[in-house]
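S.K.: To start, I am sharing the structure in question, which I have written as structure tokens.
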Amino acid sequence: MRTSRTPALAALAALLCVAAAVLGVVASDTRLHELMTTEELVQVFGQSLAEDLPDYEVVFLPTPHPMPVELEALVAEGDDGEALTDGIAFPYEFHAFGSPVGLKLRRNHQLIAPSFKVVLRGGESNPDPEAVLADAARLERGVPRCHFLHRDGDDAGMVAAVSLCHPRSVHGLILRGNESLEIWPLPQRLQDLQGHADGHAPHVVKRVPLDRHRVLFSADDAVTHQDVEAVLSARKQDPRGGAHARLVLETALFLDEAAYRLFAPFVSNDEAQLRDMMLAYLNGVQALYHHPSLGRALDIVLVRLELFRTQPYDLQHHDGDRGPLLDSFCEYNERHNPRGDDDPAHWDMGLYVSGLDFFAYENGRKSGVTMGLATVGGVCLDRYACVIAELGTVNVFGKPYPSAGFTSVYILAHEIGHNLGMHHDSTSNSCPKDGYIMSPSRGTQGEAVWSTCSSEVLQQTEADCLLDRPRPAKGMDHMAMFKDEPGQAWSAKKQCEMLLRDHDAELRYPSRLAEICDNLQCRTPHRSGFYFAGPALTGTSCGTAKWCQGGQCVAMKRKKPVKVVKGGWSPWRSEPCQSGCIAKARGFQKRRRSCTNPRPVNTDEGCEGPSVDVVLCKDDNVCSKTRRQKVVEYASAKCRHFATLLPDLDAAGAGLQAPHEQGRLWMACAIFCRRRDTGSYYTPRLDLNDMGVDAYFPDGTWCHGDSSGSYYCQQRHCLPEGFQISKLTHWLWQTDDVPVPQNALPHPDAFPHPPLLLSYLGLGADGRPLLDQLPPGAATPPPDDAWSDRDYVELPAM
1 MRTSRTPALA ALAALLCVAA AVLGVVASDT RLHELMTTEE LVQVFGQSLA EDLPDYEVVF
61 LPTPHPMPVE LEALVAEGDD GEALTDGIAF PYEFHAFGSP VGLKLRRNHQ LIAPSFKVVL
121 RGGESNPDPE AVLADAARLE RGVPRCHFLH RDGDDAGMVA AVSLCHPRSV HGLILRGNES
181 LEIWPLPQRL QDLQGHADGH APHVVKRVPL DRHRVLFSAD DAVTHQDVEA VLSARKQDPR
241 GGAHARLVLE TALFLDEAAY RLFAPFVSND EAQLRDMMLA YLNGVQALYH HPSLGRALDI
301 VLVRLELFRT QPYDLQHHDG DRGPLLDSFC EYNERHNPRG DDDPAHWDMG LYVSGLDFFA
361 YENGRKSGVT MGLATVGGVC LDRYACVIAE LGTVNVFGKP YPSAGFTSVY ILAHEIGHNL
421 GMHHDSTSNS CPKDGYIMSP SRGTQGEAVW STCSSEVLQQ TEADCLLDRP RPAKGMDHMA
481 MFKDEPGQAW SAKKQCEMLL RDHDAELRYP SRLAEICDNL QCRTPHRSGF YFAGPALTGT
541 SCGTAKWCQG GQCVAMKRKK PVKVVKGGWS PWRSEPCQSG CIAKARGFQK RRRSCTNPRP
601 VNTDEGCEGP SVDVVLCKDD NVCSKTRRQK VVEYASAKCR HFATLLPDLD AAGAGLQAPH
661 EQGRLWMACA IFCRRRDTGS YYTPRLDLND MGVDAYFPDG TWCHGDSSGS YYCQQRHCLP
721 EGFQISKLTH WLWQTDDVPV PQNALPHPDA FPHPPLLLSY LGLGADGRPL LDQLPPGAAT
781 PPPDDAWSDR DYVELPAM
């Protein structure tokens, strides 16, 4: 052990030395996360930022538990290796959060199904497309027999799953009352500071409300999703009836390289979190196939999950050309799917989930309306049991399509419906074309239930492969993880974050929660306008004791936990002073805070106001070696760059700063560029909104002056010096002046900016505003019919 320590590490050592002679003594300080590195935060809490962390304590757990070899004696087995009894239970006890925890652990015999497979494709060191990388192989073979369960029968009201695979490393999940306890070992660096105490090792025990439970994942011998399934099934048996009343669709899901690259950074490149997100996504589809409007429930079981770090050589993506891509995937799906439905590794339908922007050629023109493609009735036919669907897709300007967020749940459900034999509503049937999942158009609101025509198809299906039922010990069971309520794990805010891949994104109208079940709208302080995210996921909270079901906000059938804790803001964390070094400008400092002091429990209240802020600072040191540019010079340089992206702008790059307007606070902070066609000026703040290109002057730019003093740009608005944005509720001060959704358009050429909007965002050749107020109805989104698409092919004659 080191003899010298920094003050922070010394404080940590003092914290860990609290252990006493009593089993499982808890350290009282809960600021341990502030001493963790980014890697340690990800290891313990599954995230790289010390924000929005659950309640936790440091607990000293006993280390002299039975080792894996010794545990073999605790179970009597037959010659075939199957357990003959439930095994012998042994006690495991500690204290956490002021109360004792007494477990009677029995080994879990059905941890991983033999038929389940996880495949990671790609990597320079292993080009073989059939190779299972070490990360995935660790989940499939050589699993140590060190995973245990405490069942409800051992102690009514509590169930648990615990892994004891290493003497100083315990992983566990305990469900008791309305909360869950998650156990993780303290990172080795922090354990080493304490040394080897008297038979105890420090662990982090996290307390999470049960309705917010997140499944545990680990790269080593952690408690996995299968343990969670066993825990949940021990608490509540499935009441939905036998196999005769239900259909079972065994699936394989393939996440392509484009989608992997889109979402891996969003989850801090943690493939376990990416896998968790895919299971929530698939569970959202499952919830739709359990909706009463379908008439006959369909269970979706995941047999195989493939994540493409790089695209397999034998699966060409054709840049998103949907016809050739579907053919390519169907061949890949058939080639890798074991033949015969009696093979436990066989799947009934392959699901290709892509981050590419699909397109098709219609009348000789390229159309990006399509978001998926499937063969009608192809299920159970090896060559045609395959569908493709978009997820996370944006157009060339970075604007998200309706498939960018969890609206893709409805798109995938729609394509699966085609493969099950469903046609579009109003096509070959008498059902109306709008209002249901099988509508020929997929907009961004409503259409969250099934039509009677879709229901009849499933009622009358003769697909034999849907009638078998897999082994009960399923790998990666999304139903066990989310219980048909994915919105309870992915809140409305998280759905907005996923849509925009921005952790600062949130609801456009937090006070109008009842509307999100039909149409969730999102905003972020980093972009102009708002975005449609589609209907909120099933189970999303839409008000007090209410949630989204079938596109409607209805009362919850189960009681919410009694404990309600309103959130509180953490202290602000400031970044260094920055500056654009423009004449008369000031510097600016970005600040952030998180809703973790305390973290809200069973409520969204308590953290009103913005999580990001900007304050002015002196920039003399920042700009000491730089000549301060005139504001016109800065604008013109930016306009020359913008012209390389937008051909309507003058390549010469003439730019200027507009005069300040009290009714449009953004005007003097937006960069205006001369148009090539008219010679007037235009701000491309909407055109560049999603390209990662800032069409505004830097914060701190001088933008106005009057008798009261100087005004400076702050978060893209011209405001008086000393104005404190953080004192206001974010959406009250940030004007929603362009009521047009910023999602990608189905046919960009057919839906250009309307003339009034161009005038509203423009200046005349003399620099004066052309239109200072946008009339109601001057700019409206395209109708959902614009997304109408023949997203299926008929089954060829057999």
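Numbering (UniProt numbering), first residue to last: 1 to 798.
Yeah, the Cβ is synthetic: ideal placement off N, Cα and C, and Gly gets one too.
#1: Return the chain-ordered list of same chain residues with a C-beta closer than 6 Å to the C-beta of residue 516, the five sequence neighbours on each side being excluded.
#2: Evaluate contact between the segment 297-312 and the segment 257-276, counting only Cβ atoms and requiring at least three cross-stretch pairs below 8 Å.
#3: Are the segment 764-777 and the segment 693-705 touching, with three or more C-beta to C-beta distances below 8 Å?
#4: Just to confirm the assignment, what range does the alpha helix (DSSP H) spanning residue 251 have?
#5: What did DSSP end up calling residue 285 once you bin it into helix, strand or coil?
#6: Pick out whichever of 598, 356 and 578 has its Cα sitting closest to the Cα of residue 622.
#7: Going by DSSP, what residues sit across from residue 93 in a beta bridge?
#8: Is residue 587 closer than 8 Å to residue 619 when the C-beta atoms are compared?
#9: Short of 8 Å in beta carbon distance, which residues of its chain neighbour residue 585, apart from the five on each side in sequence? Order them along the chain.
#10: I need the straight-line Cα distance from residue 531 to residue 494, nearest angstrom please.
#11: Is DSSP giving residue 440 helix, strand or coil here?
#12: Residue 450 to residue 545, Cα distance in whole Å?
#13: Can you tell me the Cα-Cα spacing of residue 343 and residue 250, whole angstroms?
#14: Might you give, ordered along the chain, the residues of its own chain that have their beta carbon closer than 8 Å to the beta carbon of residue 669, omitting 5 neighbours on each side?
#15: Assuming residue 463 and residue 380 form a contact by the criterion Cβ under 8 Å, report the distance between their Cβ atoms to the nearest whole angstrom.
#16: Under three-state DSSP, which class holds residue 623?
#17: By a C-beta neighbour count over all protein chains shown, 10 Å radius and 16 as the cutoff for buried, is residue 626 buried or exposed?
#18: Quick one: Cα of residue 233 to Cα of residue 248, how far?
#19: Report all residues from its chain with a CB closer than 6 Å to the CB of residue 326; omit the five preceding and five following residues, and keep chain order.
#20: Sort 262, 615 and 657 by Cα distance to residue 634 and report the nearest one.
#21: What do you get for residue 644, buried or exposed, if any count of 16 or more other CB atoms within 10 angstroms of its CB means buried?
#22: Where do the ends of the alpha helix (DSSP H) carrying residue 354 lie?
#23: For residue 658, which of helix, strand or coil comes out of DSSP?
#24: Report all residues from its chain with a CB closer than 6 Å to the CB of residue 293; omit the five preceding and five following residues, and keep chain order.
#25: Name the DSSP bridge partner or partners of residue 387?
#26: Can you give the Cα-Cα distance for residue 833 and residue 430, rounded to whole angstroms?
#27: So, with DSSP's three-state summary, where would you put residue 539?
#28: Just verifying my parser: in three-state terms, what is the DSSP assignment at residue 488?
#29: Between which two residues does the beta strand (DSSP E) harbouring residue 582 extend?
#30: Measuring alpha carbon to alpha carbon, tell me which residue in 687, 683, 600 and 382 is nearest residue 252.
#31: Have a look at the DSSP bridge pairing and note the partners of residue 611.
#32: Decide if residue 34 is buried, meaning its Cβ has at least 16 other Cβ atoms within 10 Å, or exposed.
#33: Looking at the secondary structure, which residues open and close the beta strand (DSSP E) in which residue 717 lies?
#34: Based on Cα-Cα distance, which residue from 296, 286 and 312 lies nearest to residue 302?
#35: Starting from residue 203, follow its DSSP beta bridges and name the residues at the other end.
#36: Check whether the Cβ atoms of residue 570 and residue 591 lie closer than 8 Å to each other.
M.R.: Taking the definition as stated:
#1: Position 516 of the sequence shown, counted from the first residue, corresponds to residue 516. 492, 536 and 542, listed in sequence order.
#2: They touch, by the three-pair rule.
#3: Touching, no, given that fewer than three Cβ pairs across the two stretches are closer than 8 Å.
#4: The residue given as residue 251 occupies position 251 in the sequence shown. Premise fails: residue 251 lies in the beta strand (DSSP E), 247-255, not in any alpha helix (DSSP H).
#5: Start at 1 with the first residue of the sequence shown, and residue 285 comes out as number 285. Assigned with DSSP and collapsed to three states, residue 285 falls in helix.
#6: One-based indexing of the sequence shown puts residue 622 at position 622. When only C-alpha atoms are compared, the closest one is 578.
#7: Translated into positions along the sequence shown, residue 93 becomes position 93. Under DSSP, the beta-bridge partners assigned to residue 93 are 102.
#8: As a working mapping, residue 619 is identified with position 619 in the sequence shown. As a working mapping, residue 587 is identified with position 587 in the sequence shown. Yes, the Cβ-Cβ distance between residue 619 and residue 587 is below 8 Å.
#9: Residue 585 sits at position 585 when you count from the first residue of the sequence shown. 579, 619, 628, 698, 700, 701, 702 and 712, listed in sequence order.
#10: Counted from its first residue, the sequence shown places residue 531 at position 531. Counted from its first residue, the sequence shown places residue 494 at position 494. It is roughly 14 Å from the alpha-carbon of residue 531 to the alpha-carbon of residue 494.
#11: Residue numbering aside, residue 440 sits at position 440 when the sequence shown is read from its first letter. Shown here, residue 440 sits in coil according to DSSP, grouped into three states, outside any helix or strand.
#12: Residue numbering aside, residue 450 sits at position 450 when the sequence shown is read from its first letter. Residue numbering aside, residue 545 sits at position 545 when the sequence shown is read from its first letter. Rounded to whole angstroms, residue 450 and residue 545 show a C-alpha spacing of 25 Å.
#13: For the purposes of this step, residue 343 is identified with residue 343 of the sequence shown, where counting begins at 1. For the purposes of this step, residue 250 is identified with residue 250 of the sequence shown, where counting begins at 1. For the pair residue 343 and residue 250, the Cα-to-Cα distance works out to about 12 Å.
#14: Sequence index remark: in the sequence shown, residue 669 carries index 669 (1-based). If we look at residue 669 and ignore the five residues flanking it on each side, its Cβ neighbours are 696, 697, 701, 703, 713, 716, 717 and 718.
#15: Residue mapping note: residue 463 aligns to position 463 of the sequence shown, counting from 1. Residue mapping note: residue 380 aligns to position 380 of the sequence shown, counting from 1. Their Cβ separation, rounded to whole angstroms, is 5 Å, which keeps residue 463 and residue 380 in contact under 8 Å.
#16: Looking up residue 623 in the sequence shown gives position 623. Looking at residue 623 - three-state DSSP - the assignment turns out to be coil, as it is neither helix nor strand.
#17: By one-based count along the sequence shown, residue 626 stands at place 626. Exposed, since its Cβ has fewer than 16 Cβ neighbours within 10 Å.
#18: One-based indexing of the sequence shown puts residue 233 at position 233. One-based indexing of the sequence shown puts residue 248 at position 248. Reliability of the predicted coordinates at residue 233 is poor, the pLDDT of 40 falling under 50, and the value obtained from them is presented with this limitation in mind. Cα to Cα, the separation comes out at about 18 Å.
#19: Position 326 of the sequence shown holds residue 326. Excluding sequence positions up to five before and after residue 326, its CB lies within less than 6 Å of the CB of 373 and 388, all in the same chain and listed in chain order.
#20: Your numbering for residue 634 matches position 634 in the sequence shown. Closest option to residue 634, Cα to Cα, is 657.
#21: If you number the sequence shown from 1, residue 644 lands on position 644. Looking at its Cβ environment, which holds fewer than 16 other Cβ atoms inside 10 Å, residue 644 is exposed.
#22: Locating residue 354 in the sequence shown gives position 354, where the first residue counts as 1. Here residue 354 belongs to no alpha helix (DSSP H); instead the beta strand (DSSP E) covers 349-354.
#23: For the purposes of this step, residue 658 is taken as the residue at position 658 of the sequence shown. Residue state for residue 658 is assigned as coil, using DSSP reduced to three classes.
#24: As a first step, residue 293 is located in the sequence shown; it is residue number 293 there, counting from the start. Taking C-beta separations shorter than 6 Å and ignoring five residues to either side along the sequence, the partners of residue 293 in its chain run 449 and 450, following chain order.
#25: Along the sequence shown, one-based indexing puts residue 387 at 387. Looking at the DSSP output, residue 387 bridges to 351 and 374.
#26: Here the chain has residues from 1 to 798 only, and residue 833 is not among them.
#27: Walking along the sequence shown from the start, residue 539 turns up at place 539. Residue 539: coil per DSSP, three-state reduction.
#28: In the sequence shown, residue 488 corresponds to position 488, counting from 1. DSSP places residue 488 in helix when its eight states are reduced to three.
#29: Sequence index remark: in the sequence shown, residue 582 carries index 582 (1-based). First-last for residue 582: undefined, no H or E at that position.
#30: Walking along the sequence shown from the start, residue 252 turns up at place 252. For residue 252, the nearest C-alpha among the options comes from 382.
#31: Mapped onto the sequence shown, residue 611 falls at position 611. Answer by DSSP bridge pairing: none, since residue 611 is not bridged.
#32: To locate residue 34, count along the sequence shown from 1; it is residue 34. Classification for residue 34: exposed.
#33: To locate residue 717, count along the sequence shown from 1; it is residue 717. Residue range 717-720 is occupied by the beta strand (DSSP E) that includes residue 717.
#34: Counted from its first residue, the sequence shown places residue 302 at position 302. Checked all of 296, 286 and 312; the closest Cα to residue 302 is 286.
#35: Translated into positions along the sequence shown, residue 203 becomes position 203. According to DSSP, which records beta bridges pairwise, residue 203 is partnered with 59 and 185.
#36: For the purposes of this step, residue 570 is identified with residue 570 of the sequence shown, where counting begins at 1. For the purposes of this step, residue 591 is identified with residue 591 of the sequence shown, where counting begins at 1. Remark: C-beta atoms of residue 570 and residue 591 do not approach each other more closely than 8 Å.
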